[in-house]
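Student: One rule links them: number in my numbering = place in the sequence shown (from 1) + 12.
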Amino acid sequence: MSERDVQESFSRMNMYDDTANNRAAQRAESSTGRRSPGNEQPGPSGTQNYQGSEQHTPEGTITLEKTTSILKRDMMYQTQTFVERPGVVGKLGEKTKLVTNYITFKTNAQPIRLYQYNIQVLTGTREEKKRSRCTARFWECVQEYRHFFPNNITDILYNGVNMLWVKEQLKVTSGDVQLKLHHDDGRDAKTTIHIKFASTIEFSENATLEADRDLFVTIADAIVSQRSRCPIEGGDGLLFTAHENGMYSSHFRDPHNIVKLKIELGKTLEAWTGLHFAAKLQLQMGPCANIDLCHTVFMIPEYSLIRMMLDIAAGRKISDEEYENEERRLQNYGISEGNKKDMKTILHNKTICINYGNGRAFKFKGISDGSADQTFFTFEGREMSIAQYFQSKGINLRFPHFPCIIGPQFRGQESPSLFPLEFVTTAKQVQKHFGRLPDHQLAPMIRGTAYPPCDRFRIVKTLAIDGLPDQVPPLIENDPWMRNFDLEIGKEFIHVDATILPPPTLRYGNLKFFDEYHHGVWLPVVEDEGFKKVLTARCTTTHREKKIIPAIITIENPRLNPQNVAFDHGSIQCLMETVSRFGQPVYRNRYNQPATYFVGAYHQGRNRIEELRNMLVEIKTRIENDRELSADGSLPVPLVLFIFAYRSTTIRTRTLNVMGDYGIIKQLCDGEVGINCQGILRKNLATISGNPNRCSTAHNMAMKILSKIGTTHYMIESGGKHKNWTKLTNPKEPTLVLGIDVTHPSDIDNRMGGKYACSIAAVVGNIDVSISKFGESVRIQERGLERIVKMDQVIEERIKEFIEYAGIRPAHIVIYRDGVSETEFKRILYEERTAIERVCKSLDKDYEPTFTYIVVSKRHHTRFCALRESDTEGKAYNIKPGTLVESQITTKKYFDFYLASQFGPLGTTRPTHYYVLADSWKPSNAFWQTITYALTYAYVRTCKSISIPAPVMYAHLCAKRARDRFMAYFDIAEQRGIHVNMLDFEDYMRVLTSLKPHDNLKKRGMLYC
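1) Within this structure, are the beta carbons of T723 and V546 separated by less than 7 angstroms?
2) Spatial neighbours of Q296 within its chain, please: CB distance less than 8 angstroms, with the 5 preceding and 5 following residues excluded, ordered by chain position.
3) When the Cα of L680 is compared with those of I717, R625, Y726 and I655, which residue comes out closest?
4) Hey, would you say V229 sits closer than 7 angstroms to F289, going by beta carbons?
5) Does the distance from the C-beta atom of T948 to that of P935 stay below 7 angstroms?
6) Counting only the same chain and skipping the five closest in sequence on each side, list residues whose C-beta sits under 7 angstroms from that of E808.
7) Pull up the distance between the alpha-carbon of D196 and that of R1002, whole angstroms please.
8) Compute the Euclidean distance between the alpha carbons of F786 and Y981, then round it to the nearest angstrom.
9) For the beta strand (DSSP E) that contains Y345, what are its first and last residues?
10) Quick one: grab the DSSP three-state call for F814.
11) In or out: M764 buried (at least 16 other Cβ within 10 Å) or exposed?
12) Specify, as a first and last residue, the run of the alpha helix (DSSP H) that L718 falls within.
13) Is the separation between the beta-carbon of P606 and that of I631 shorter than 7 angstroms?
14) Please list, in chain order, all residues of the same chain as Y1020 whose beta carbon is under 7 angstroms from its beta carbon, the five residues on each side excluded.
15) Which runs of the alpha helix (DSSP H) spanning at least 4 residues fall entirely within the stretch 836-876, listed in chain order?
16) For a quick check, are the C-beta atoms of Y768 and I827 less than 7 angstroms apart?
17) Taking Cβ positions, are V775 and V754 nearer each other than 7 angstroms?
18) How far does the beta strand (DSSP E) with G382 in it extend, from its first residue to its last?
19) As an exercise, report each continuous beta strand (DSSP E) stretch of at least 3 residues that is fully enclosed by the stretch 131-192, in chain order.
20) Report buried or exposed for H615, applying the criterion of at least 16 other Cβ atoms within 10 angstroms of its Cβ.
21) Between which two residues does the alpha helix (DSSP H) harbouring V229 extend?
22) Ignore the nearest five residues each way along the sequence and tell me which others in P1009's own chain have a CB closer than 7 angstroms to its CB.
23) Quick one: residues in its chain with C-beta nearer than 6 angstroms to the C-beta of A563, no 5 flanking neighbours on either side, listed in chain order?
24) Provide the residue(s) that pair with S397 in DSSP beta bridges, ordered along the chain.
25) In whole angstroms, what separates the C-alpha of A938 from that of R97?
26) By the three-class DSSP mapping on this structure, what secondary structure does D761 have?
27) Looking only at its own chain, which residues have a Cβ that is under 6 angstroms from the Cβ of A714, when we skip the five neighbours before and after it?
28) Note the first and the last residue of the continuous beta strand (DSSP E) segment covering D931.
29) Mark A946 as exposed unless 16 or more other C-beta atoms lie within 10 angstroms of its C-beta, in which case mark it buried.
30) In whole angstroms, give me the CA-to-CA distance for P492 and F215.
31) Hey, how far is the Cα of L176 from the Cα of Y260?
32) Evaluate contact between the stretch 687-703 and the stretch 595-605, counting only Cβ atoms and requiring at least three cross-stretch pairs below 8 angstroms.
33) I need the boundaries of the alpha helix (DSSP H) containing K678, first residue and last residue.
34) Spatial neighbours of R845 within its chain, please: C-beta separation below 7 angstroms, excluding the five flanking residues on both sides.
35) Output the distance between the C-alpha atoms of E881 and Y889, rounded to the nearest integer angstrom.
36) Do you know how far the Cα of G989 is from the Cα of T942?
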């Protein structure tokens, strides 16, 4: 990559993004909608303050978002078309029938005229973004100004953010409605609802234009969910909590008491089960609705903070009887600093309220250092404690020795208000919990929400259609909004045709494995010697057999005092024996037992990063200079096993304000020193024992190690019964398969901003004809940007590395793309296809490989349930791996299909949705379905078929590892006294270069595995 190209890429990332104007134009387009001919009604030039009567005022104008002109070349992607569906899979595979969580719906044949308005909700001068707050403010506005809106409440449709549709035109076409509402901190704050006429539209399922079809789906979703969102008469908004596309209620329960729909997680958190609803218009069998379960964590409303503290101390939610007993004991005990810290973490950014007076609500600010009886202030000229103040009001505190909650600081006060802990509860309104749950809370949530298919479908039908035998109505039955808009929804789930595809054959050494019974799981080591031979264990340049030389470095917990991490050397020996039984030679002692070459320890509070680097350099140098290791003619390959005493994730380390050891290790090993490494938690290492043939942890670790050092354990057979795979891996017309993914910064990184708030794009591509080894390319780009900046250079790297390794140019290029939404299909496809065309022409003007582009999507709520037990696998009775659905619920617009390729031991299997957007190769009808399924068996980190093709999973791992290294680069630079400015081109180049694999490792293996 030339400096000029990188500088251009850098400037586009940091200074200007030419898609910003296009995105602005699209937002403006979608917000105004489409007008029916002859119905244009421009609003007045000014706004209108509406306080119960019509008053035209010249002050104030509604400023629309300014959009710049869009160049024609930037709109060229709109003219492209997608590949047509070639037809369904024919006689291949076993045919069956499934039930899916779709039901039919239809509207009146006559279109309904609606008036569309843009809505903006302001609290003071701040625009509200949260759907829950916007919805609450809007319906309060409707209640207070009923004569401004239609008389029939079911004539009103609000999407919860920025759009309003009504059957009757409002009394004014444009204007402001201003009213005062109760603010969270108890003050009166002016809430302004801006309403501006946009267009007149026709609500009909017979829409022909794409924009009209999208609008129909949006309105249909609003109709179905409106009753659950509306809190006034005619609606049930008080029973439901809306979040994203789900409707939740604490009253939901399973009438058969088979499963719990509300799971207590402890520390005032509960996991609620909700219902997801989405209208699907352009399906092969006509308009349908997708209904599914969804789960979100909420804080228990109106929960005493005293009880919260007891829950924290107990590590669970205590019973009412326990609470009464413990409450009496608390009068003699204080609150520990650890419990205070946990409470601060739980209440961070949450709304709480006091349970006396007007029940003032406010944002949690913190906990006071002193107790209520030791915290003093001046009141009416004399100094008194918080406890004495309440005593003067006739209230004796039960817990005067407890600290106080810090409240808001009101006008005229010298310091913030303080409220005794016993008078404070969580807020009345339901609050969603944001952030990752700790393991002890995540585990029960996963167990409690992993419903088998039969239970899942039964619960969906009960909640959505039949209804519970209490006050909670079903979601889509007896709905006044649906009746008013002539929207009729079916009562039974749809049955669809399915095919169970045959799996590929795997080649192990001299033998083969075929997943005949569609288990999706197999043993990596068996007694037959033929399976113990690896396919490639030699260096590609020297052709010498590799031999692993293991070294060990223990990583101590930085939050604890330095201490040696004890581990069992027998577990290391068992692990290395497993690697040996896989067919990879390892270093052995004079007793012919797997041995360790070096042992060291690191603690970031005791050792500097340079000491760790020097230790790695010493290991590498000693192994390279030890002639005894290569006396047998083998090539010694250093491998450092890092044994972690704690889980070093990026998010945790940022939260705890310590450096991320994991990222630092990967940056030093992969980028600076050039030595293979593998990490393992000490508690996981302790599980490695016994027979190496039967230890699953040892198997998984061994496969990771083999993939990192470039040893191929197994691959998909070419030339056998799988004719499509044989065609894909034809050495005369080889195929380059690319996997693309982009990882975006976490919420913590976004709050920190600056260098941490960048996205990392990763592109992996096979470098061999057999599609078993994948190289990598990484890019740093603007936060949230899904398209890859300077895609040309990335594609050129992948093609050139393929040519260098395979010795031939790829005749076919296939892209599996993750992370692209349907609204971005045309733009992303156009940019990445033209990038490939430009690169190919630059290599040779006559070089024109075929191009196939497949989008991989897991973000959907489609589920399947088998009708026959013979079509299921495992105790959960999930559908078998290889189950393909390509009709009925697939789209008319795309060549798409659903494929479940993984074994689902728990819960309901989520199939992957694939869109084949472009295909100039045009092989057989079943080609891409069977190839996609085969690629799920090519993931070398495990002996299981996975849910997505291996190249996409590799891209995900590569992007994640690059992000860890990217974050670690700044920690290393800071300790070395180097200032890094990402806005400086030279610094940017150094960071980007540091993410590339070291020359010693580049051609050795897949480091991201």
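Each residue gets a CB set at the ideal place from its N, CA and C atoms; glycine is no exception.
Tutor: Reading off the structure:
1) Position 711 of the sequence shown holds residue 723. Position 534 of the sequence shown holds residue 546. Their beta carbons are under 7 angstroms apart, which means T723 touches V546 by this criterion.
2) To locate residue 296, count along the sequence shown from 1; it is residue 284. Within the same chain, Cβ atoms closer than 8 angstroms to the Cβ of Q296 are found at S899, Q900, I901, T902, T903 and K904, the five residues on either side in sequence being excluded.
3) Position 668 of the sequence shown, counted from the start, is the residue given in the question as residue 680. Distances from the CA of L680 to each of I717, R625, Y726 and I655 were compared; the closest alpha carbon is that of R625.
4) The residue you call residue 229 lines up with position 217 of the sequence shown. The residue you call residue 289 lines up with position 277 of the sequence shown. No; because the gap between Cβ atoms is not below 7 angstroms, this pair is not in contact.
5) Along the sequence shown, read from residue 1 onward, the residue named residue 948 stands at position 936. Along the sequence shown, read from residue 1 onward, the residue named residue 935 stands at position 923. Result no, Cβ atoms of T948 and P935 do not sit closer than 7 angstroms.
6) Taking the first residue of the sequence shown as position 1, residue 808 is located at position 796. Shown here for E808: same chain residues with a beta carbon closer than 7 angstroms to its own, the five before and five after excluded, namely V851 in chain order.
7) As a working note, residue 196 is residue 184 in the sequence shown. As a working note, residue 1002 is residue 990 in the sequence shown. Unreliable positioning characterises D196 in this predicted model, as indicated by a pLDDT of 48, which lies under 50. A coordinate reading is not provided.
8) Within the sequence shown, residue 786 is the residue found at index 774, counting from 1. Within the sequence shown, residue 981 is the residue found at index 969, counting from 1. For F786 and Y981, the distance between alpha carbons rounds to 24 angstroms.
9) Taking the sequence shown and counting its residues from 1, the one referred to as residue 345 is at position 333. In the DSSP annotation of this structure, Y345 is not part of any beta strand (DSSP E), being labelled neither H nor E.
10) As a first step, residue 814 is located in the sequence shown; it is residue number 802 there, counting from the start. Under the three-state reduction of DSSP output, F814 falls in the helix class.
11) Sequence index remark: in the sequence shown, residue 764 carries index 752 (1-based). When all chains shown are included, M764 counts as exposed.
12) As a position in the sequence shown, residue 718 is number 706, starting the count at 1. Where L718 is concerned, the enclosing alpha helix (DSSP H) stretches over S708 to I721.
13) Counting from 1 along the sequence shown, the entry for residue 606 is found at position 594. Counting from 1 along the sequence shown, the entry for residue 631 is found at position 619. The Cβ atoms of P606 and I631 lie no closer than 7 angstroms to each other.
14) Counting from 1 along the sequence shown, the entry for residue 1020 is found at position 1008. Closer than 7 angstroms at Cβ, skipping near neighbours: E788, Y966, L969, C970 and R973.
15) Qualifying alpha helix (DSSP H) stretches, in chain order: 837-855.
16) Residue 768 sits at position 756 when you count from the first residue of the sequence shown. Residue 827 sits at position 815 when you count from the first residue of the sequence shown. A distance of 7 angstroms or more separates the beta carbons of Y768 and I827.
17) Position 763 of the sequence shown, counted from the start, is the residue given in the question as residue 775. Position 742 of the sequence shown, counted from the start, is the residue given in the question as residue 754. Against a cut-off of 7 angstroms, the Cβ pair of V754 and V775 comes out as no contact.
18) Residue numbering aside, residue 382 sits at position 370 when the sequence shown is read from its first letter. Per DSSP, the unbroken beta strand (DSSP E) holding G382 starts and ends at G378 to S383.
19) Counting only runs of at least 3 residues, the stretch 131-192 fully encloses the following beta strand (DSSP E) elements, listed from N- to C-terminal order: 168-170 and 175-178.
20) Here residue 615 refers to the residue found at position 603 when the sequence shown is read from its first residue. By the neighbour-count rule (16 or more Cβ atoms within 10 Å), H615 is buried.
21) Translated into the one-based positions of the sequence shown, residue 229 becomes position 217. Looking at the DSSP string, the run of the alpha helix (DSSP H) that includes V229 is E222 to R241.
22) Taking the first residue of the sequence shown as position 1, residue 1009 is located at position 997. Only D682 and L1019 meet the Cβ criterion.
23) In the sequence shown, the residue the question calls residue 563 occupies position 551. Excluding positions up to five away in sequence, the list reads Y609, F610, I631 and V652.
24) Along the sequence shown, one-based indexing puts residue 397 at 385. Paired residues: F388.
25) On the sequence shown, residue 938 is found 926 positions in, with the first residue counted as 1. On the sequence shown, residue 97 is found 85 positions in, with the first residue counted as 1. Cα-Cα distance, rounded: 11 angstroms.
26) Walking along the sequence shown from the start, residue 761 turns up at place 749. Here D761 sits in helix by DSSP.
27) As a first step, residue 714 must be located in the sequence shown, where it is residue number 702. Closer than 6 angstroms at Cβ, skipping near neighbours: T590, V591 and F594.
28) Within the sequence shown, the letter at position 919 stands for residue 931. Its beta strand (DSSP E) spans residues T924 to D931.
29) Stepping through the sequence shown from its first residue, residue 946 is reached at position 934. A946 comes out buried.
30) Here residue 492 is taken as the residue at index 480 of the sequence shown, counted from 1. Here residue 215 is taken as the residue at index 203 of the sequence shown, counted from 1. When rounded, the distance between both Cα atoms is 17 angstroms.
31) Mapped onto the sequence shown, residue 176 falls at position 164. Mapped onto the sequence shown, residue 260 falls at position 248. Distance between the alpha carbons of L176 and Y260 is about 23 angstroms.
32) Flag = no, the stretch 687-703 and the stretch 595-605 do not touch.
33) The sequence position of residue 678 within the sequence shown is 666, counting from 1. Taken as a continuous stretch (DSSP letters only), the alpha helix (DSSP H) holding K678 covers D673 to K678.
34) Position 833 of the sequence shown, counted from the first residue, corresponds to residue 845. F863, Y865 and A930, listed in sequence order.
35) Position 869 of the sequence shown, counting from 1, holds the residue named residue 881. Position 877 of the sequence shown, counting from 1, holds the residue named residue 889. Roughly 7 angstroms between the two C-alpha positions.
36) Walking along the sequence shown from the start, residue 942 turns up at place 930. Walking along the sequence shown from the start, residue 989 turns up at place 977. Computed Cα separation, rounded: 54 angstroms.
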